[in-house]
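Heads up: the structure comes next, in structure tokens.
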Amino acid sequence: MAISLSNFLIPSILFLATGLFTEAATVTYDFDVSWVHANPDGAFVRPVIGINGQWPIPTITATKGDRVIVNVKNSLGNETTSLHFHGLFQNGTTHMDGPASVTQCGIPPGSSFTYDFMVEQPGTYWYHSHTRGQYPDGLRGPLIIHDPDSPYKDQYDEEIILTFEDWYHDMMNNLLAKFISVSNPTGAEPVPQSALWNSTQNISIPVQPGKTYMFRMVNMAAFSAPYVWFEGHTMRVVEVDGIYTEPAEANMLYMTAAQRYSVLITMNNDTSSNFAFVASMDQDLFDQVPEGLNSNVTGWLVYDNTKELPTPAFVDEFDPFDDYTLVPQDGMSLLDEVDYSITFDMKMDNLGDGANYAFFNDITYVRPKVPTLYTALTTGSSATNPAVYGVNTNSFVLNKNDVVEIILNNDDPGKHPFHLHGHEFQVAFRSDEEAGAYVNNVTMPQVPMRRDTVLVRPNGNIVLRFRANNPGIWLFHCHIEWHVASGLVATMVEAPLDLQQNLKIPEDHYQACRDGNIPIEGNAAGNTVDLLDLRGANVSPDPLPAGFTTKGIVALVFSCLSAFLGVAVIAWYGAAPIGKAQKGSS
Amino acid sequence: MVNVFAVPVFFICFRECLETSIIVSVLLAFLKQTLGPERDPVIYKKLVRQVWLGVVAGLAVCIIIGAGMIGAFYGIGTDTFAKTEAIWEGVFGLVASIIISIMGAALLRISKLQDKWRVKIAQAIESKDKVEGVAGSRFSRWAKKYAMFLLPFITVLREGLEAVVFIGGVGLGLPASSFPLAVLCGLGAGALIGYLIYKGGNAASLQIFLIISTCFLYLVAAGLFSKAVWFFEANAWNKIVGGDAAEVGAGAGSYDIRQSVWHVNCCSPNLNGGGGWGVFNSLFGWQNSATLGSVLSYNLYWLVVIVAFLAMRYNEQTGHWPFVKAKNPGSETSSQQGGVSETCVEGKSHGDEVLSANVREIHK
Numbered sequence: 001m002a003i004s005l006s007n008f009l010i011p012s013i014l015f016l017a018t019g020l021f022t023e024a025a026t027v028t029y030d031f032d033v034s035w036v037h038a039n040p041d042g043a044f045v046r047p048v049i050g051i052n053g054q055w056p057i058p059t060i061t062a063t064k065g066d067r068v069i070v071n072v073k074n075s076l077g078n079e080t081t082s083l084h085f086h087g088l089f090q091n092g093t094t095h096m097d098g099p100a101s102v103t104q105c106g107i108p109p110g111s112s113f114t115y116d117f118m119v120e121q122p123g124t125y126w127y128h129s130h131t132r133g134q135y136p137d138g139l140r141g142p143l144i145i146h147d148p149d150s151p152y153k154d155q156y157d158e159e160i161i162l163t164f165e166d167w168y169h170d171m172m173n174n175l176l177a178k179f180i181s182v183s184n185p186t187g188a189e190p191v192p193q194s195a196l197w198n199s200t201q202n203i204s205i206p207v208q209p210g211k212t213y214m215f216r217m218v219n220m221a222a223f224s225a226p227y228v229w230f231e232g233h234t235m236r237v238v239e240v241d242g243i244y245t246e247p248a249e250a251n252m253l254y255m256t257a258a259q260r261y262s263v264l265i266t267m268n269n270d271t272s273s274n275f276a277f278v279a280s281m282d283q284d285l286f287d288q289v290p291e292g293l294n295s296n297v298t299g300w301l302v303y304d305n306t307k308e309l310p311t312p313a314f315v316d317e318f319d320p321f322d323d324y325t326l327v328p329q330d331g332m333s334l335l336d337e338v339d340y341s342i343t344f345d346m347k348m349d350n351l352g353d354g355a356n357y358a359f360f361n362d363i364t365y366v367r368p369k370v371p372t373l374y375t376a377l378t379t380g381s382s383a384t385n386p387a388v389y390g391v392n393t394n395s396f397v398l399n400k401n402d403v404v405e406i407i408l409n410n411d412d413p414g415k416h417p418f419h420l421h422g423h424e425f426q427v428a429f430r431s432d433e434e435a436g437a438y439v440n441n442v443t444m445p446q447v448p449m450r451r452d453t454v455l456v457r458p459n460g461n462i463v464l465r466f467r468a469n470n471p472g473i474w475l476f477h478c479h480i481e482w483h484v485a486s487g488l489v490a491t492m493v494e495a496p497l498d499l500q501q502n503l504k505i506p507e508d509h510y511q512a513c514r515d516g517n518i519p520i521e522g523n524a525a526g527n528t529v530d531l532l533d534l535r536g537a538n539v540s541p542d543p544l545p546a547g548f549t550t551k552g553i554v555a556l557v558f559s560c561l562s563a564f565l566g567v568a569v570i571a572w573y574g575a576a577p578i579g580k581a582q583k584g585s586s
Numbered sequence: 001m002v003n004v005f006a007v008p009v010f011f012i013c014f015r016e017c018l019e020t021s022i023i024v025s026v027l028l029a030f031l032k033q034t035l036g037p038e039r040d041p042v043i044y045k046k047l048v049r050q051v052w053l054g055v056v057a058g059l060a061v062c063i064i065i066g067a068g069m070i071g072a073f074y075g076i077g078t079d080t081f082a083k084t085e086a087i088w089e090g091v092f093g094l095v096a097s098i099i100i101s102i103m104g105a106a107l108l109r110i111s112k113l114q115d116k117w118r119v120k121i122a123q124a125i126e127s128k129d130k131v132e133g134v135a136g137s138r139f140s141r142w143a144k145k146y147a148m149f150l151l152p153f154i155t156v157l158r159e160g161l162e163a164v165v166f167i168g169g170v171g172l173g174l175p176a177s178s179f180p181l182a183v184l185c186g187l188g189a190g191a192l193i194g195y196l197i198y199k200g201g202n203a204a205s206l207q208i209f210l211i212i213s214t215c216f217l218y219l220v221a222a223g224l225f226s227k228a229v230w231f232f233e234a235n236a237w238n239k240i241v242g243g244d245a246a247e248v249g250a251g252a253g254s255y256d257i258r259q260s261v262w263h264v265n266c267c268s269p270n271l272n273g274g275g276g277w278g279v280f281n282s283l284f285g286w287q288n289s290a291t292l293g294s295v296l297s298y299n300l301y302w303l304v305v306i307v308a309f310l311a312m313r314y315n316e317q318t319g320h321w322p323f324v325k326a327k328n329p330g331s332e333t334s335s336q337q338g339g340v341s342e343t344c345v346e347g348k349s350h351g352d353e354v355l356s357a358n359v360r361e362i363h364k
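These protein sequence lines map, in sequence, to chains V and Y.
The letter at position 76 of the first sequence is residue 76 when you use full-length UniProt numbering, and the numbering goes up by one with no holes.
The letter at position 190 of the second sequence is residue 190 when you use full-length UniProt numbering, and the numbering goes up by one with no holes.
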């Protein structure tokens with residue numbers, strides 16, 4: 001416990017101090033990604049994806065203005081991988097964003113790949129695998145960018161990183177195979193076996209009375225969203241998803257997958273007792289709560305380690321803080337002149353293979369043969385035509401500096417956290433539950449909250465706005481990892497001609513493609529001659545046959561025929577006089 | 001509709017009641033011919049009263065037994081079968097289908113019952129002349145005295161209990177509310193036809209009526225058979241998806257796409273009582289989601305029925321089964337020739353043969 005905790009209690013003051021006096025530095029990490037074994041919930045030992053033979057994996061820390069270099073070697077042996085630095089804009093370096101088949105090829109086993117980018121945004125982020133459903137196997141860690149100019153730097157004494165994770169005992173590959181399967185027609189997401197704080201359970205955080213701590217909380221879950229509260233203490237929210245906010249008091253937070261909150265908590269002045277803090281997974285997300293599931297994970301603020309660690313009190317109703325009310329500290333006002341509005345109607349449905357998929361506007365995402373970025377770079381003027389990226393990438397081409405609005409109507413009774421790569425967006429509107437589709441008569445806040453991952457409520461809607469000032473290929477997707485796998489993803493192709501002029505892809509990126517036999521030119525189907533010919537592109541399964549197909553009509557006709565024939569034979573038998581044989585025998 | 005009128009139950013009651021009323025009508029006709037109100041009105045009246053007493057007594061006993069059985073079944077069985085799992089529905093459907101198939105053919109030859117019973121009555125009277133042992137003589141004298149009571153009594157009892165057992169078998173998966181109307185209608189229709197036969201109504205139109213009834217009966221049985229297979233498959237699918245798939249409605253996920261032959265997201269006979277589609281389902285075995293198994297079994301059922309009827313006709317014509325060497329009449333054996341329905345009907349026709357031989361003897 002103490003050992004793992006020390007990872008997260010790196011005295012951040014040191015960083016703050018050094019940040020003040022040093023010029024922008026280069027921070028380099030060498031990551032050898034491989035399988036190790038771990039048992040974080042004390043219930044089951046399983047293979048997990050570690051880095052340099054360790055799990056939990058290290059925290060990436062840097063200071064605003066630094067250059068970060070991450071040298072990744074894939075030693076998994078059986079899976080490709082890639083790293084996404086969640087929340088970082090990657091301005092000018094869209095090829096360092098990480099999603100496999102989008103801005104790079106997945107790094108095949110044995111290959112190496114270098115991520116190299118500048119960090120200009122302070123705040124709480126995280127990094128994780130962005131290759132099919134992989135990060136819940138363990139490849140997820142916090143990424144903290146320190147800020148020598150933080151408006152709150154004088155208001156706290158120490159920083160503490162708290163990561164939340166949901167934990168599955170089975171491997172993602174197995175779970176995904178069961179999830180997207182004819183035997184799971186309702187699309188019920190696998191329910192985790194346990195919840196973790198800082199990749200373990202029952203953590204103790206030594207605190208000193210009267211001090212103020214900044215807790216950088218990251219939800220690194222695959223699926224779960226916890227309610228979080230600290231008994232006997234009030235939180236002051238000062239940052240969400242890397243955006244400083246006006247301080248807002250909260251007793252309880254609701255953190256969807258991939259969201260981050262920095263909260264200031266001032267410790268009590270006496271050491272007479274210790275206090276529990278709890279993350280309780282929202283059971284509304286689970287189709288069926290398995291018997292015996294402990295959806296809570298507890299930690300303690302330890303004032304005095306000779307005193308007992310109290311059992312948290314039972315909470316009968318969750319009343320979390322509404323993040324929609326947050327106000328960014330920079331006061332940026334609503335983008336009110338929209339140049340391009342995109343409406344996404346999302347739903348879950350079954351396709352012809354019987355499995356359940358997720359759709360934006362009746363399109364479920366299927367990764368293209370050629371990574372979308374490479375298509376944008378190699379299709380010349382056709383790169384502004386969404387068709388070249390393939391129907392199933394659900395691509396939208398954005399003009400540079402346009403104000404883009406995304407209206408998302410959730411036609412599903414579930415909660416979904418939506419994330420946009422490469423941007424923070426203004427949450428111009430968020431409806432209540434069951435509000436239905438967005439109607440254009442709402443009052444929007446003057447200074448809306450900005451973040452990079454936002455919750456849309458069951459059968460509700462959201463309106464997001466951002467300025468397309470960051471050329472690149474950016475995914476917009478639900479951050480429930482199951483729904484990424486079932487296709488709840490769209491692609492924003494932002495200023496592709498700009499990319500063709502300015503972007504230079506490093507050789508090792510192409511090498512990863514060659515190692516994995518992935519084409520790097522042409523449209524989504526890999527066609528370099530006729531860019532609008534997408535035959536051979538990856539597409540989703542056919543829709544479910546509706547009603548009577550030829551097979552059904554033939555079967556029905558045959559059934560009717562045999563019934564008629566049978567009835568005819570019965571009638572013939574019934575109408576026939578008693579047979580000769582019987583008469584003869586009498 | 002499905003919840004208030006069980007079609008198979010109607011046909012069972014109809015058939016059993018028809019049989020009973022034919023026998024009763026034969027008895028009454030016999031009395032009228034031999035004694036007649038004009039020849040010996042006192043004895044005639046007495047014997048007619050005996051017949052009706054026998055009918056009423058038989059009916060009373062079998063109602064008591066039947067009510068007891070059904071009461072016990074629903075008392076004990078409601079808990080067991082209330083949540084009729086698909087597997088139970090399948091088994092019940094299969095049992096019902098087999099029962100109907102076996103007794104259906106007999107309905108077409110029901111007119112022969114008149115001959116059969118004339119023989120029985122004649123036998124009962126003939127045996128007066130035979131010398132009996134001392135021990136048996138008192139019983140046989142008593143039996144002869146009350147023959148006009150015992151014959152209808154035993155007949156009604158036998159047919160009634162048969163009906164109870166059959167209804168029990170057919171109705172296992174049906175709601176209790178679907179019984180009364182079907183039973184009443186069946187009894188009424190059966191008694192009406194019996195009366196028409198007694199009155200010597202048009203035999204040809206009667207035969208047509210019987211044919212139509214039988215055809216319906218087999219349509220129902222075919223539907224039940226196919227439905228039984230469908231339920232077995234639904235059970236397997238429920239196991240795969242780990243829950244009651246019907247809970248998700250009639251849409252995607254409520255059925256196994258790999259087994260699907262057709263599927264329409266409406267017209268489900270299982271949701272909300274089924275409505276008209278429920279009637280369609282119980283009459284013809286309609287499914288909004290047809291599976292390979294249900295379609296194949298439906299067609300297979302008809303194939304077996306067609307073959308069985310052709311074989312029966314062949315047997316009536318030639319006196320032996322197809323592909324079986326002709327044997328001496330009367331020494332036919334049953335149970336070798338496959339299908340259940342064939343075996344049963346064979347047994348009946350075998351009996352008829354002997355009886356019709358007897359009829360000739362009497363007529364000499």
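Using N, Cα and C, we set each Cβ at its ideal position, and we do this for glycine too.
Checklist entry - Can you find a CB in chain Y that lies within less than 8 Å of the CB of A177 of chain V? => result Working through the first sequence from its first residue, we reach residue 177 of chain V at position 177. No, because no Cβ of chain Y sits closer than 8 Å to the Cβ of A177 of chain V.
Next on the checklist: Looking at Q104 of chain V: is its Cβ nearer than 8 Å to the Cβ of G110 of chain V?
Outcome noted: In the first sequence, residue 104 of chain V corresponds to position 104, counting from 1. In the first sequence, residue 110 of chain V corresponds to position 110, counting from 1. No.
Item to check | Coarse secondary structure for S331 of chain Y, derived from DSSP in three states | outcome: For this step, residue 331 of chain Y is matched to residue 331 along the second sequence. The pLDDT assigned to S331 of chain Y is 43, lower than 50, so where the model puts this residue is not dependable; a value taken from the coordinates is nonetheless given after this. DSSP places S331 of chain Y in coil when its eight states are reduced to three.
Item to check | Close Cβ partners of Y389 of chain V (< 7 Å) along its chain, the five nearest in sequence each way excluded | outcome: As a working mapping, residue 389 of chain V is identified with position 389 in the first sequence. The residues are P368, T372, T375, S395, T491, V493, A524.
Checklist entry - In the structure shown, what three-state DSSP assignment does L531 of chain V receive? => result Reading the first sequence from its first residue, position 531 is the one you call residue 531 of chain V. Here L531 of chain V sits in coil by DSSP.
Checklist entry - According to DSSP, is E246 of chain V helix, strand or coil? => result As a first step, residue 246 of chain V is located in the first sequence; it is residue number 246 there, counting from the start. Correct three-state label for E246 of chain V: strand.
Item to check | is_contact[N299 of chain Y, chain V] using C-beta, thresh 8 Å | outcome: To locate residue 299 of chain Y, count along the second sequence from 1; it is residue 299. Yes, N299 of chain Y lies at the interface with chain V (some Cβ there is under 8 Å from its Cβ).
Checklist entry - Can you name the residues of chain V whose CB is closer than 8 Å to the CB of C44 of chain Y? => result For this step, residue 44 of chain Y is matched to residue 44 along the second sequence. Looking at the sequence shown, residue 44 of chain Y is not Cys but Tyr. Going along chain V, no residue has its Cβ under 8 Å from Y44 of chain Y, so there is no contact; the nearest lies around 31 Å.
Checklist entry - Which term fits W126 of chain V, buried or exposed, when burial requires 16 or more other beta carbons within 10 angstroms of its beta carbon? => result As a working mapping, residue 126 of chain V is identified with position 126 in the first sequence. That one is buried.
Item to check | 9 Å Cβ cut-off: residues of chain V touching L219 of chain Y | outcome: Residue numbering aside, residue 219 of chain Y sits at position 219 when the second sequence is read from its first letter. Within chain V, the residues near L219 of chain Y are A563, G566, V567.
Next on the checklist: Tell me which residues share the same chain as G516 of chain V and place their Cβ nearer than 6 Å to its Cβ, disregarding the 5 neighbours each side in the sequence.
Outcome noted: On the first sequence, position 516 is the one that residue 516 of chain V refers to. Within the same chain, G516 of chain V has close Cβ partners C105, P108.
Next on the checklist: Quick check: the Cα distance between P151 of chain V and A221 of chain V, rounded to an integer number of angstroms?
Outcome noted: Here residue 151 of chain V is taken as the residue at index 151 of the first sequence, counted from 1. Here residue 221 of chain V is taken as the residue at index 221 of the first sequence, counted from 1. When rounded, the distance between both Cα atoms is 29 Å.
Checklist entry - Roughly how far, in whole angstroms, is the beta-carbon of N461 of chain V from the beta-carbon of L420 of chain V, given that I think they are within contact range, below 8 Å? => result Within the first sequence, numbered from 1, the residue matching residue 461 of chain V stands at position 461. Within the first sequence, numbered from 1, the residue matching residue 420 of chain V stands at position 420. No, N461 of chain V and L420 of chain V are not in contact; Cβ-Cβ is about 16 Å, not under 8 Å.
Item to check | Expected contact under 8 Å - CB spacing of A38 of chain V and V27 of chain V to nearest Å | outcome: Numbered from 1 along the first sequence, position 38 holds the residue referred to as residue 38 of chain V. Numbered from 1 along the first sequence, position 27 holds the residue referred to as residue 27 of chain V. Contact flag wrong, Cβ pair sits at about 26 Å.
Checklist entry - Excluding sequence positions up to five away, which residues of its chain have a Cβ less than 6 Å from the Cβ of I193 of chain Y? => result Here residue 193 of chain Y corresponds to residue number 193 of the second sequence, with the count starting at 1. Closer than 6 Å at the Cβ level, and outside the excluded window around I193 of chain Y, lie L18.
Item to check | First and last residue of the uninterrupted beta strand (DSSP E) at A279 of chain V | outcome: Along the first sequence, read from residue 1 onward, the residue named residue 279 of chain V stands at position 279. That run of the beta strand (DSSP E) goes 275-281.
Next on the checklist: I'd like the ranges of any alpha helix (DSSP H) spanning at least 4 consecutive residues and lying wholly in the UniProt domain "Plastocyanin-like" (158-305) of chain V.
Outcome noted: 172-179
Checklist entry - Is it buried or exposed for W572 of chain V, if we count other Cβ within 10 angstroms and need 16 for buried? => result Locating residue 572 of chain V in the first sequence gives position 572, counting from the first residue. That one is exposed.
Checklist entry - Distance, Cα to Cα, T34 of chain Y vs L28 of chain Y? => result Counting from one through the second sequence, the residue named residue 34 of chain Y turns up at place 34. Counting from one through the second sequence, the residue named residue 28 of chain Y turns up at place 28. Each residue's Cα considered, the two are about 10 Å apart.
Next on the checklist: According to DSSP, simplified to helix, strand and coil, what is G54 of chain Y?
Outcome noted: Within the second sequence, residue 54 of chain Y is the residue found at index 54, counting from 1. In this structure, G54 of chain Y counts as helix in the three-state DSSP scheme.
Item to check | Neighbour flag for G93 of chain Y against chain V, beta carbons, 8 Å | outcome: What you label residue 93 of chain Y is simply residue 93 of the second sequence in a count that begins at 1. So no, G93 of chain Y is outside the interface.
Next on the checklist: Output needed for L334 of chain V: all residues of its chain with C-beta closer than 8 Å, excluding positions within five of it in sequence on either side, in chain order.
Outcome noted: Taking the first residue of the first sequence as position 1, residue 334 of chain V is located at position 334. Same-chain partners within the cutoff: Q426, A428, M444, P445, Q446, V447, P448, R465.
Next on the checklist: For G90 of chain Y and G190 of chain Y, I'd like the C-alpha separation in whole angstroms.
Outcome noted: For the purposes of this step, residue 90 of chain Y is identified with residue 90 of the second sequence, where counting begins at 1. For the purposes of this step, residue 190 of chain Y is identified with residue 190 of the second sequence, where counting begins at 1. Each residue's alpha carbon lies about 29 Å from the other.
Checklist entry - What does F309 of chain Y touch in chain V if you count any residue whose Cβ is under 7 Å from its own? => result Walking along the second sequence from the start, residue 309 of chain Y turns up at place 309. Chain V residues near F309 of chain Y: V569, I570, Y573.
Checklist entry - So what does DSSP say about N74 of chain V, is it helix, strand or coil? => result The sequence position of residue 74 of chain V within the first sequence is 74, counting from 1. Three-state DSSP puts N74 of chain V in a strand.
Checklist entry - Are the C-beta of F359 of chain V and some C-beta of chain Y separated by less than 8 Å? => result As a position in the first sequence, residue 359 of chain V is number 359, starting the count at 1. No, its Cβ sits nowhere closer than 8 Å to a Cβ of chain Y.
Checklist entry - Alpha carbon to alpha carbon, what distance is there between E521 of chain V and V229 of chain Y? => result Within the second sequence, residue 229 of chain Y is the residue found at index 229, counting from 1. Within the first sequence, residue 521 of chain V is the residue found at index 521, counting from 1. Approximately 54 Å between the Cα atoms of the pair.
Next on the checklist: Here's the rule I'm using: 16 or more other beta-carbon atoms within 10 Å means buried, otherwise exposed. How should N410 of chain V be labelled?
Outcome noted: For the purposes of this step, residue 410 of chain V is taken as residue 410 along the first sequence, with counting starting at 1. Counting Cβ neighbours within 10 Å, N410 of chain V comes out buried, since at least 16 surround it.
Item to check | Local Cβ density within 10 Å of E342 of chain Y, reported as buried at 16 or more and exposed below that | outcome: Reading the second sequence from its first residue, position 342 is the one you call residue 342 of chain Y. Reliability fails at E342 of chain Y, whose pLDDT of 36 lies under 50, so the model's placement of it is uncertain and no value is given.
Next on the checklist: Would you say T34 of chain Y lies against chain V (beta-carbon separation less than 8 Å)?
Outcome noted: Indexing the second sequence from 1 puts residue 34 of chain Y at position 34. With 8 Å as the cut-off, T34 of chain Y does not count as an interface residue toward chain V.
Next on the checklist: Less than 8 Å between the C-beta atoms of S101 of chain Y and A221 of chain Y, yes or no?
Outcome noted: The residue labelled residue 101 of chain Y in the question sits at position 101 within the second sequence. The residue labelled residue 221 of chain Y in the question sits at position 221 within the second sequence. Yes; because the gap between Cβ atoms is below 8 Å, this pair is in contact.
Checklist entry - When DSSP labels each residue in this structure, what does M346 of chain V get in the three-state scheme? => result Taking the first sequence and counting its residues from 1, one reaches residue 346 of chain V at position 346. Strand.
Checklist entry - So, helix, strand or coil for N358 of chain Y, using DSSP? => result Stepping through the second sequence from its first residue, residue 358 of chain Y is reached at position 358. The predicted position of N358 of chain Y is uncertain, since its pLDDT is 36 and thus under 50; no value can be drawn from it.
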